[in-house]
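**Student:** Residue numbers for the sequence shown follow my numbering, so the first one is 3 and each next one is one higher. All C-beta atoms, glycine included, are put in the ideal place defined by N, C-alpha and C. Every value quoted in this text rests on a predicted model; they were computed, and no experiment measured them. The following block contains the structure, expressed as structure tokens.
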Amino acid sequence: MFVRNKTLTLASAALAAAALASGAARAEDVFKIGLIVPMTGGQASTGKQIDNAIKLYMQQNGDTVAGKKIQVILKDDAALPDNTKRLAQELIVNDKVNVIAGFGVTPAAFAAAPLATQGKIPEVVMAAGTSIITEKSPYIVRTSFTLPQSSTIIGDWAVKNGIKKVATLTSDYAPGNDALASFKERFTAGGGEIVEEVKVPLQNPDFAPFLQRMKDAKPDAMFVFVPAGQGGNFMKQYAERGLDKSGIKVIGPGDVTDDDLLNDMGDAVLGAVTAHIYSAAHPSAKNKEFVAAYKKAYNSRPGFMAVGGYDGIHLIYEALKKSGGKSDGDSLLAAMKGMAWESPRGPISIDPETRDIVQNVYIRKVEKVDGELYNVEFQTFEAVKDPGKAKK
Ligand code: PHB
């Protein structure tokens, strides 16, 4: 009896040791990405696009990189920074993620920044667009865009295209203020005049009363920044108030004509001219392939938020390859700095100094192509760095 028990004990100890060893090996071979995006609330379309694009990329490229199994842990913060902070903390401390990623709005990217610094892990910003975000932590890398990248360019374009009076409507938080300041600086320096300036709340904005003020100011055009997801509602109210009939054209960064929603906006949006980093109509082979695969998988059109997610996961994959599978934050960050590749949006790179994205900005006009509404690109500004940083 004694002998038999002893044998059993030895056998189970050996088994336990084997299980532990393989468990430990397995934990080491897993590379975890904590993806924090809004999947509910007003910004839910951003989360959905990013989640879709990451899943598509992983289907196309497999889920093993440099011998490690990639695991994405998706968390919904509803774009509320208190949630972002709590979720980032849980992901870093409990799940021991190697990277945090996503961040649908600027306050969410800000909220996670001190945690990325403390945890010494990369924070890959795939959506938010306020210039200063990358300065909030040396561990932040961005694959989205900055508002000054596009708003300076549309400011210059307005001056050169005979627009003299502009009314502005911007979402009242950091990226809206960035967009407004950049546009205003270029437009007024070129002799343009701002005749009306309104700021609308980020949450559930009712544009109607503001649109009446815009109409009364009789501008040549209105400069609009609303975050991804709000363009459809904005254009509906713009048409209902008859601003299209009054000949007040919409100009701005391209968030308002996001491809994700554009096709449902109706003819009032025709002729809107925006500067932006991505169009579903971008005429490259890489983009055609991307749009076709996304449509096939999700029966919808990818917008710029999908591309930010697709490039963000690519950056993480390539950094892990380049580091030879070293998954500590400093090795990953070193690998990310200076990385360059072809995105569906065109050629992009990560500025090694600022960790911000360098990319083409295109001027586009909404046109009907084969019965569908598209942002058709007609001018390209190559390799644009964030002008918000160049000024400092
Ligand atoms: C942001 O909060 O930084 C943000 C969100 C959506 C956009 C642009 C900027 O389309």
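Is any non-hydrogen atom of the ligand PHB found closer than 7 Å to the C-beta of A342, if you look at the structure I gave you?
**Tutor:** The count along the sequence shown starts at 1 and reaches residue 342 at position 340. For the ligand PHB, not one heavy atom lies less than 7 Å from the Cβ of A342.
**Student:** Taking only the alpha-carbon atoms, compute the straight-line gap between S146 and A191 and give it to the nearest angstrom.
**Tutor:** Within the sequence shown, residue 146 is the residue found at index 144, counting from 1. Within the sequence shown, residue 191 is the residue found at index 189, counting from 1. Cα-Cα distance, rounded: 28 Å.
**Student:** So, do the segment 111–123 and the segment 303–323 have three or more beta carbon pairs nearer to each other than 8 Å?
**Tutor:** No, the segment 111–123 is not in contact with the segment 303–323.
**Student:** In terms of DSSP beta bridges, what is E369 paired with?
**Tutor:** Your numbering for residue 369 matches position 367 in the sequence shown. BP columns for E369 point to Y376.
**Student:** Express the C-alpha separation of N96 and F33 in angstroms, rounding to a whole number.
**Tutor:** Position 31 of the sequence shown, counted from the start, is the residue given in the question as residue 33. Position 94 of the sequence shown, counted from the start, is the residue given in the question as residue 96. Distance between the alpha carbons of F33 and N96 is about 14 Å.
**Student:** What residues in its chain sit with their C-beta under 8 Å from that of V197, if we drop five residues either side in the sequence?
**Tutor:** The residue given as residue 197 occupies position 195 in the sequence shown. Around V197: K167, V168, A169, A219, K220, P221.
**Student:** What residue from I56, T48, E30 has the CA that sits closest to A406's CA?
**Tutor:** Residue 406 lies beyond the stretch modelled for the chain, which goes from 3 to 394, so this question has no answer here.
**Student:** In this structure, what does DSSP give as the bridge partners for G104?
**Tutor:** For the purposes of this step, residue 104 is taken as residue 102 along the sequence shown, with counting starting at 1. DSSP output for G104 lists I38, V127 as bridge partner(s).
**Student:** When DSSP labels each residue in this structure, what does Q151 get in the three-state scheme?
**Tutor:** The residue labelled residue 151 in the question sits at position 149 within the sequence shown. Here Q151 sits in helix by DSSP.
**Student:** Pairing CB atoms from the segment 200–208 with CB atoms from the segment 141–159, are three or more of them under 8 Å?
**Tutor:** Verdict: no, contact absent.
**Student:** I think I134 touches V127, with their Cβ atoms under 8 Å apart; what is that distance to the nearest whole Å?
**Tutor:** Within the sequence shown, the letter at position 132 stands for residue 134. Within the sequence shown, the letter at position 125 stands for residue 127. At roughly 12 Å, the Cβ-Cβ gap does not stay under 8 Å, so I134 and V127 are not in contact.
**Student:** For T1 and S139, I'd like the C-alpha separation in whole angstroms.
**Tutor:** In the structure as shown, the chain begins at 3 and stops at 394. Residue 1 is therefore absent and cannot be evaluated.
**Student:** Which residues in the same chain as L213 place their Cβ atom closer than 7 Å to its Cβ, once the five residues preceding and following it in sequence are excluded?
**Tutor:** Along the sequence shown, read from residue 1 onward, the residue named residue 213 stands at position 211. Within the same chain, L213 has close Cβ partners Q239, Y240, R243, L245.
**Student:** What three-state label does DSSP hand G25 in the structure shown?
**Tutor:** By one-based count along the sequence shown, residue 25 stands at place 23. Unreliable placement is indicated for G25, whose pLDDT of 49 sits below 50; the coordinate value is still reported in the next sentence. Looking at G25 - three-state DSSP - the assignment turns out to be helix.
**Student:** Could you give the DSSP three-state label for G69: helix, strand or coil?
**Tutor:** For the purposes of this step, residue 69 is taken as the residue at position 67 of the sequence shown. Of the three classes helix, strand and coil, the one that applies to G69 here is coil, per DSSP.
**Student:** Nearest-angstrom Cα distance between A80 and Q51?
**Tutor:** In the sequence shown, residue 80 corresponds to position 78, counting from 1. In the sequence shown, residue 51 corresponds to position 49, counting from 1. Those two C-alpha atoms are separated by around 14 Å.
**Student:** Taking only runs that begin and end inside the segment 227–295, name each unbroken alpha helix (DSSP H) of 4 or more residues, in chain order.
**Tutor:** Listed in chain order, the complete alpha helix (DSSP H) runs (minimum 4 residues) inside the segment 227–295 are 233–242, 261–264.
**Student:** Please classify D65 as buried or exposed, where buried requires at least 16 other C-beta atoms within 10 Å of its C-beta.
**Tutor:** Locating residue 65 in the sequence shown gives position 63, counting from the first residue. Per the 10 Å Cβ criterion, exposed.
**Student:** Three or more C-beta pairs closer than 8 Å, one from the segment 360–378 and one from the segment 277–294: is that the case here?
**Tutor:** The segment 360–378 vs the segment 277–294: in contact.
**Student:** DSSP beta-bridge partners for P349?
**Tutor:** Taking the first residue of the sequence shown as 1, we reach residue 349 at position 347. Partner(s): E344.
**Student:** Count the other CB atoms, across all protein chains shown, that sit within 10 Å of the CB of G231; report buried if there are 16 or more and exposed otherwise.
**Tutor:** Position 229 of the sequence shown holds residue 231. G231 should be labelled buried.
**Student:** Leaving aside the five residues before and after I75 along the sequence, list all residues of the same chain whose C-beta is less than 8 Å from its C-beta, in chain order.
**Tutor:** As a position in the sequence shown, residue 75 is number 73, starting the count at 1. Closer than 8 Å at Cβ, skipping near neighbours: K34, I35, G36, L37, L93, D97, V99.
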